[in-house]
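Student: The structure under discussion is supplied below as structure tokens; questions concerning it will follow.
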Amino acid sequence: MICTLCKRPQQYGGLCPTCTTDTLEYLGRLPHLWAELEDWLIPGIRGGAQYGGRVRMAEAPLPLDEEALTLRAAGGIVGVLEDWHDAVRESRGLAVPARAGSLAHRVRAASAGLAGHVHFIVQWEQGAQLAREVRQLVGRVRRVTEPGHELDEPKPPTFLGYCVAVDPSGVVCGSRIYADIRKAVQCEWCLCVYPPDRWLALRHLQPSNQAAADDLQAAAA
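The structure is reproduced here in structure tokens:
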């Protein structure tokens with residue numbers, strides 16, 4: 002089994018604990034991020050001052066940020082969250098609430114509503130797409146409010162190959178192995194550790210490489 006979002010191996014289907022926690026965190030942050038975008042709708046104002054408050058540009062006013070306008074509008078953050086909230090409730094046979102009140106209220110209500118269904122979302126066939134779109138919303142907001150923030154963040158883990166550890170019964174593990182500069186490389190299924198000096202051997206022992214070697218040996222025979 003693998004996580005339906007990050008594709009990491011796990012003992013069951015659906016979202017893994019890490020992706021579930023991240024999704025809950027994003028849902029909790031989105032109402033605040035939606036509110037922060039207001040600063041980017043005022044020409045000549047960009048972000049907060051060093052010690053709080055707004056900074057007004059001395060030169061000619063900057064045009065308002067169209068992406069901020071899109072995210073703040075009814076079809077932006079609130080629309081995505083409400084569409085997913087409605088879909089979850091319909092899948093569970095529950096009544097779909099009316100979309101009423103201010104946009105700020107609707108963002109809070111949809112975020113809280115989705116968080117309340119997280120145990121269903123984890124195993125839902127559309128749960129991974131929901132989590133992906135929620136994560137994308139947070140990324141879009143951050144590109145407006147924190148331009149260039151991606152440069153300061155660590156790169157995502159790199160796929161190294163499949164675990165080649167063999168258990169006492171002779172079965173190869175076969176789980177996906179990722180290189181992450183933030184921690185030691187270890188199979189999350191069988192816990193076999195792969196230090197850097199074993200990465201070339203790991204690559205050589207991959208099923209695709211072994212199959213190619215077997216074909217060459219057969220051709221030479």
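All residue numbers for the sequence shown refer to this note's numbering, where the first residue is 2 and numbers rise by one. Positions of the beta carbon are idealized from the N, C-alpha and C atoms, including for glycine.
1) Specify the secondary structure class of residue 180 as computed by DSSP and reduced to three states.
2) With DSSP collapsed to three states, give me the class of residue 167.
3) Which value, in whole angstroms, describes the spacing of the CA atoms of residue 116 and residue 28?
4) Going by DSSP, which residues form a beta bridge with residue 194?
5) For the putative contact between residue 16 and residue 139, defined by C-beta atoms under 8 Å, what is the C-beta separation to the nearest angstrom?
6) Give the single residue among 133, 185 and 192 whose Cα lies nearest to the Cα of residue 174.
7) From what residue to what residue does the alpha helix (DSSP H) around residue 21 run?
8) Could you pull out every residue in the same chain whose Cβ sits closer than 8 Å to the Cβ of residue 78, ignoring the five residues on either side in sequence?
9) From residue 104 to residue 125, what does the alpha carbon distance come to, in whole angstroms?
10) Is it buried or exposed, residue 208, if we count other Cβ atoms within 10 angstroms and call 16 or more buried?
11) Could you work out which residue in 74, 10, 132 and 87 is closest to residue 23 when comparing CA atoms only?
12) Where does residue 148 sit, in a helix, a strand or coil, going by DSSP?
13) Alpha carbons only, please: which of 87, 38 and 93 is nearest the one belonging to residue 74?
14) Pull the bridge partners of residue 159 from the DSSP assignment, please.
15) For residue 86 versus residue 114, is the C-beta spacing smaller than 8 Å?
16) Rounding to the nearest angstrom, what Cα-Cα distance links residue 92 and residue 121 in this structure?
17) Within this structure, are the beta carbons of residue 111 and residue 70 separated by less than 8 Å?
18) Which of the three DSSP states is assigned to residue 10 in this structure?
19) From the DSSP secondary-structure annotation, give me the bridge partner or partners of residue 173.
Tutor: In short:
1) For this step, residue 180 is matched to residue 179 along the sequence shown. Residue state, collapsed to three classes: strand.
2) By one-based count along the sequence shown, residue 167 stands at place 166. Residue 167: strand per DSSP, three-state reduction.
3) In the sequence shown, residue 116 corresponds to position 115, counting from 1. In the sequence shown, residue 28 corresponds to position 27, counting from 1. Distance between the alpha carbons of residue 116 and residue 28 is about 7 Å.
4) In the sequence shown, counting from the first residue as 1, residue 194 sits at position 193. Per the DSSP secondary-structure output, residue 194 pairs in a beta bridge with 187.
5) Counting from one through the sequence shown, the residue named residue 16 turns up at place 15. Counting from one through the sequence shown, the residue named residue 139 turns up at place 138. A Cβ-Cβ distance of about 16 Å is found for the pair residue 16 and residue 139, leaving them out of contact under the 8 Å criterion.
6) Along the sequence shown, one-based indexing puts residue 174 at 173. Out of 133, 185 and 192, 192 has the C-alpha closest to the C-alpha of residue 174.
7) On the sequence shown, residue 21 is found 20 positions in, with the first residue counted as 1. For residue 21, the enclosing alpha helix (DSSP H) covers residues 18-37.
8) Here the question's residue 78 lines up with position 77 in the sequence shown. The answer, listed in chain order, is 31, 34, 35, 72, 108, 138 and 142.
9) The sequence position of residue 104 within the sequence shown is 103, counting from 1. The sequence position of residue 125 within the sequence shown is 124, counting from 1. Cα to Cα, residue 104 sits roughly 27 Å from residue 125.
10) On the sequence shown, residue 208 is found 207 positions in, with the first residue counted as 1. Counting of Cβ neighbours within 10 angstroms places residue 208 among the exposed residues, the total staying below 16.
11) Residue mapping note: residue 23 aligns to position 22 of the sequence shown, counting from 1. Ranking 74, 10, 132 and 87 by CA distance to the CA of residue 23 puts 132 first.
12) Here residue 148 refers to the residue found at position 147 when the sequence shown is read from its first residue. Reduced to three states, the DSSP call for residue 148 is coil.
13) Position 73 of the sequence shown, counting from 1, holds the residue named residue 74. Minimum Cα-Cα distance from residue 74 among the listed residues 87, 38 and 93 corresponds to 38.
14) If you number the sequence shown from 1, residue 159 lands on position 158. Looking at the DSSP assignment, residue 159 forms a beta bridge with 180.
15) Locating residue 86 in the sequence shown gives position 85, where the first residue counts as 1. Locating residue 114 in the sequence shown gives position 113, where the first residue counts as 1. Between residue 86 and residue 114, the C-beta gap is smaller than 8 Å, which places the two residues in contact.
16) The count along the sequence shown starts at 1 and reaches residue 92 at position 91. The count along the sequence shown starts at 1 and reaches residue 121 at position 120. Approximately 10 Å, taken between the alpha carbons.
17) The residue you call residue 111 lines up with position 110 of the sequence shown. The residue you call residue 70 lines up with position 69 of the sequence shown. Residue 111 is not a Cβ neighbour of residue 70, given a cutoff of 8 Å.
18) Here residue 10 refers to the residue found at position 9 when the sequence shown is read from its first residue. Assigned with DSSP and collapsed to three states, residue 10 falls in strand.
19) One-based indexing of the sequence shown puts residue 173 at position 172. Among the bridge pairs identified by DSSP, residue 173 is matched with 167.
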